[in-house]
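Numbering (mature numbering (1 follows the signal peptide of the UniProt record, and there is no 0)), first residue to last: -22 to -1, 1 to 704.
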């Protein structure tokens, strides 16, 4: 009786859903790449020293002016504007800014020329907040200008040398003179350090500003890479730079100290330690004590060394070792007594540890079968450590505080998804950025002691409401048991999914060491494209993070050591087979795609499992790890001389004879990261194996393959390829 009576309501409900779906439209590529789905945020957020206010960079479209505005945390009211380009003659906009330590000056830039992924040259100015006067740091395009702690000086790099400008006198002093392109670099990292150790500024001011520590890179013996730039002139030009491929010579690095009082430079002897790489420099709270992180070539040992700048002596404080590799992070933090916090995977999971100034372990601060994913800092007043972790599941992130003893842990965020905190200078507040798979970014203010919500700062409800007009299927999160592991997975089905029908399966993955694609966070551009594919082409998109990816413990992440592309490929093949057993999956129409490491994976999957995959797309793929850079590749593979089979047996070049399905290969000709050489060698191997395939080279485009209509063109190409072949 009850079931019979509810039938009219059920029919009415289904009719309503059908009507809503009929009214919704598919996402278009023009909307994705035209910026229709951009989110709003807080640009260049900076907590002021008083802990009660924060600054952000805004752009006033009505008055066509960039402003650095200060807001009160508690009320959210704007209390003052520190900088307004309408008041600065000749300045139209600000790209980025930073304060001096006492916030009396602002260093800002109006023009940047990108060099590589993280490096750039720019035009920089110093603005005095009190006098409202501003001056050019240098008439040259310079790199990484940085205030001394008292704000009286700025150090910067120019043409591979270091300079110091005295802001009181206006005098600029060149402190190195041997810098030379493709030979010697002072204080700025070489290509491979920038890309793989993720930093560009290789100099650091001492606490009182009387010394400058810097790394010198001698790259004269590093093999040279030549890249043609076609441009629009009659003759192409060549970009020539030093790029150490796996097993080749790296820059010889040395550590130097410049004494501003005496004007002299001394080299620090680090020969007693694992000093092949110098991935980090950081002055301690003692003005004469510099901390240096040193690594061997295999990167499975990191030595933390203290250098006494008063007498140029050094001491080993801590040596971190791992059978595979040790990650380099920015988590090292010193307290007033020079005890310090450090993160390590030595118990099998990434956790926080506290050591005294001599390297004696005081506390393992966090512990458990989960990962610390960000270390935010230590509040000296309350004695609490703040961090982000995966305690609520590896696809989620939450913010916590805890005592160094590991006691009195407090979960400060409550919504399930991805939470990331930006704390006030005195740790009284934090601004939380929250999103999940169905909620675009929301910025909220919280009490740092309790996590209590104080107010909402900004949301993206307008975007969320606009998306109601589009066909968007929620990601279905799950795990899939593959090769002895429960792997994280999401699935995107068409809005009008019918389990009595059969759909093609299209896998997306990246799969690189420590990476994560399956996360409970807001959509990126690829997610919008996958939604478009699911609903316009009527396919099912799935993504699985296989073995070797991150946030599930040290052993899970490092099991692919010396065998990149073996277990990860096995997992994607097994995933495709297992999902194809579902009654609504058409096993005869299975595709896979990926970019960079993901392109390496999709090529291997298609070549090695022709009975499983009918098509693949590889964008900017590595095709042999022999072609990739030394620091990244050797971290996971050692050198080709030590591990030739690991390099060759898992290379797509070794499996081209297996190609039976449809293959699209895409690369940018000016890719300084994964060189187009990778695709050219694969093209030649496929040609000689007499295999037919499709390929596209984008002239003068780097690893991101963007600029103008390039992304729209690329994704149109891929969409048409999927439509035709899947």
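Every residue gets a Cβ at the ideal spot worked out from N, C-alpha and C, and that includes glycine.
Here the structure is a predicted model, which means the values were calculated and not measured.
(request) State buried or exposed for residue 680, treating a residue as buried only when at least 16 other CB atoms are found within 10 Å of its CB. (result) Here residue 680 refers to the residue found at position 702 when the chain shown is read from its first residue. It is buried - the Cβ of residue 680 has at least 16 other Cβ atoms within 10 Å.
(message) Can you confirm whether the stretch 576 to 586 touches the stretch 546 to 557 when touching is taken to mean that 3 or more C-beta pairs between the two stretches lie within less than 8 Å?
(response) yes
(message) Please report the distance separating the alpha-carbon of residue 28 from that of residue 404.
(response) As a working mapping, residue 28 is identified with position 50 in the chain shown. As a working mapping, residue 404 is identified with position 426 in the chain shown. Cα-Cα distance, rounded: 7 Å.
(request) Tell me where the alpha helix (DSSP H) around residue 65 begins and ends. (result) The residue labelled residue 65 in the question sits at position 87 within the chain shown. Per DSSP, residue 65 belongs to no alpha helix (DSSP H) and is neither H nor E.
(request) Spell out a yes or no on whether the stretch 257 to 266 and the stretch 642 to 660 are touching, meaning 3 or more CB-CB pairs, one atom from each, closer than 8 Å. (result) no
(request) Name, in chain order, the residues that DSSP records as bridge partners for residue 571. (result) Along the chain shown, read from residue 1 onward, the residue named residue 571 stands at position 593. In DSSP, residue 571 forms a bridge with 486, 595.
(message) Looking at residue 625: is its Cβ nearer than 8 Å to the Cβ of residue 659?
(response) Within the chain shown, numbered from 1, the residue matching residue 625 stands at position 647. Within the chain shown, numbered from 1, the residue matching residue 659 stands at position 681. No, the Cβ-Cβ distance between residue 625 and residue 659 is not below 8 Å.
(message) Is it buried or exposed, residue 472, if we count other Cβ atoms within 10 angstroms and call 16 or more buried?
(response) Translated into the one-based positions of the chain shown, residue 472 becomes position 494. Per the 10 Å Cβ criterion, buried.
(request) May I ask which residues mark the beginning and end of the alpha helix (DSSP H) holding residue 694? (result) Locating residue 694 in the chain shown gives position 716, where the first residue counts as 1. Counting along the chain, the alpha helix (DSSP H) containing residue 694 begins and ends at 688 to 703.
(request) From the DSSP output, in three-state form, read off residue 622 for me. (result) The residue given as residue 622 occupies position 644 in the chain shown. Correct three-state label for residue 622: helix.
(request) Could you pull out every residue in the same chain whose Cβ sits closer than 6 Å to the Cβ of residue -4, ignoring the five residues on either side in sequence? (result) Locating residue -4 in the chain shown gives position 19, where the first residue counts as 1. In this prediction, residue -4 has a pLDDT of 46, which is less than 50 and means its spatial position is unreliable; what the coordinates show is noted afterwards. Around residue -4: no qualifying Cβ.
(message) Which residue wins for smallest C-alpha separation from residue 201, given the options 191, 181, 228, 210?
(response) Residue mapping note: residue 201 aligns to position 223 of the chain shown, counting from 1. Considering only alpha carbons, the answer is 228.
(request) Using beta-carbon positions only, say whether residue 296 and residue 337 come within less than 8 Å of one another. (result) Within the chain shown, numbered from 1, the residue matching residue 296 stands at position 318. Within the chain shown, numbered from 1, the residue matching residue 337 stands at position 359. Contact flag set, yes.
(request) My understanding is that residue 606 touches residue 652, with C-beta atoms under 8 Å, so please give their C-beta distance in whole angstroms. (result) Here residue 606 refers to the residue found at position 628 of the chain shown. Here residue 652 refers to the residue found at position 674 of the chain shown. With a Cβ gap of about 7 Å, residue 606 and residue 652 count as contacting.
(request) Rank 398, 246, 135 by C-alpha distance to the C-alpha of residue 365 and give the top, closest one. (result) Here residue 365 refers to the residue found at position 387 when the chain shown is read from its first residue. Closest by alpha carbon: 398.
(request) Report the residue from 447, 363, 383 whose alpha carbon sits nearest the alpha carbon of residue 390. (result) Reading the chain shown from its first residue, position 412 is the one you call residue 390. Ranking 447, 363, 383 by Cα distance to residue 390 puts 363 first.
(message) Taking the alpha-carbon of residue 329 as reference, which of 373, 418, 380, 316 has the nearest alpha-carbon?
(response) By one-based count along the chain shown, residue 329 stands at place 351. Closest by alpha carbon: 380.
(request) Determine the direct distance from the alpha carbon of residue 291 to that of residue 219, and round the result to whole angstroms. (result) Taking the first residue of the chain shown as position 1, residue 219 is located at position 241. Taking the first residue of the chain shown as position 1, residue 291 is located at position 313. Taking the straight line joining both Cα atoms gives about 35 Å.
(message) Please identify the residue among 494, 483, 553 whose C-alpha is closest to the C-alpha of residue 566.
(response) Residue mapping note: residue 566 aligns to position 588 of the chain shown, counting from 1. Looking at the Cα atoms, 483 is the closest of the given residues.
(request) Please confirm if the stretch 96 to 114 is in contact with the stretch 149 to 164, defined as three or more CB-CB distances below 8 Å between the two stretches. (result) no
(message) If the criterion is Cβ atoms closer than 8 Å, does the pair residue 375 and residue 411 meet it?
(response) Within the chain shown, the letter at position 397 stands for residue 375. Within the chain shown, the letter at position 433 stands for residue 411. Contact: no.
(message) If contacts are defined as beta-carbon pairs under 8 Å, then residue 41 and residue 64 qualify, I think. What distance do you get, rounded to the angstrom?
(response) Residue numbering aside, residue 41 sits at position 63 when the chain shown is read from its first letter. Residue numbering aside, residue 64 sits at position 86 when the chain shown is read from its first letter. Contact holds; Cβ gap of about 6 Å.
(request) Quick one: give me the first and last residue of the beta strand (DSSP E) that residue 261 is part of. (result) Taking the chain shown and counting its residues from 1, the one referred to as residue 261 is at position 283. It spans 255 to 261 - the beta strand (DSSP E) in which residue 261 sits, taken as one unbroken run.
(message) So for residue 165, helix, strand or coil by DSSP?
(response) Taking the chain shown and counting its residues from 1, one reaches residue 165 at position 187. Three-state DSSP puts residue 165 in coil, outside helix and strand.
(message) Just verifying my parser: in three-state terms, what is the DSSP assignment at residue 506?
(response) For the purposes of this step, residue 506 is taken as the residue at position 528 of the chain shown. Residue 506: helix per DSSP, three-state reduction.
(request) Using the Cα positions of residue 489 and residue 661, report the straight-line distance between them to the nearest angstrom. (result) On the chain shown, position 511 is the one that residue 489 refers to. On the chain shown, position 683 is the one that residue 661 refers to. Distance between the alpha carbons of residue 489 and residue 661: 23 Å.
(message) Less than 8 Å between the C-beta atoms of residue 542 and residue 615, yes or no?
(response) On the chain shown, position 564 is the one that residue 542 refers to. On the chain shown, position 637 is the one that residue 615 refers to. The answer is yes: Cβ separation under 8 Å.
(message) Only counting the same chain, and skipping five residues up and downstream in sequence, which positions put a Cβ closer than 7 Å to that of residue -19?
(response) As a first step, residue -19 must be located in the chain shown, where it is residue number 4. Since pLDDT at residue -19 reaches only 30, below the 50 mark, its modelled position is unreliable, and no value is offered.
(request) Would you mind reading off the limits of the alpha helix (DSSP H) that contains residue 10? (result) Here residue 10 refers to the residue found at position 32 when the chain shown is read from its first residue. Its alpha helix (DSSP H) spans residues 7 to 11.
(request) Could you check what DSSP says for residue 684 in three-state terms: helix, strand or coil? (result) Along the chain shown, one-based indexing puts residue 684 at 706. It is coil, neither helix nor strand.
(request) Determine which residues share a DSSP beta bridge with residue 578 and list them. (result) Translated into the one-based positions of the chain shown, residue 578 becomes position 600. Paired residues: none, contrary to the question.
(message) With H, G and I counted as helix, E and B as strand and the rest as coil, what does DSSP make of residue 561?
(response) Counted from its first residue, the chain shown places residue 561 at position 583. Coil, per DSSP.
(message) Rounded to the nearest angstrom, what separates residue 386 and residue 367 at their Cα positions?
(response) Counted from its first residue, the chain shown places residue 386 at position 408. Counted from its first residue, the chain shown places residue 367 at position 389. About 16 Å.
(request) Quick one: measure Cβ to Cβ for residue 672 and residue 699, integer angstroms, because I've assumed they're closer than 8 Å. (result) Numbered from 1 along the chain shown, position 694 holds the residue referred to as residue 672. Numbered from 1 along the chain shown, position 721 holds the residue referred to as residue 699. Their Cβ separation, rounded to whole angstroms, is 7 Å, which keeps residue 672 and residue 699 in contact under 8 Å.
(message) What residue range does the beta strand (DSSP E) around residue 295 cover?
(response) As a first step, residue 295 must be located in the chain shown, where it is residue number 317. Here the beta strand (DSSP E) through residue 295 covers 291 to 299.
(message) On a Cα-Cα basis, can you pick out the residue from 67, 68, 61 that is closest to residue 75?
(response) As a first step, residue 75 must be located in the chain shown, where it is residue number 97. Nearest C-alpha to residue 75: 61.
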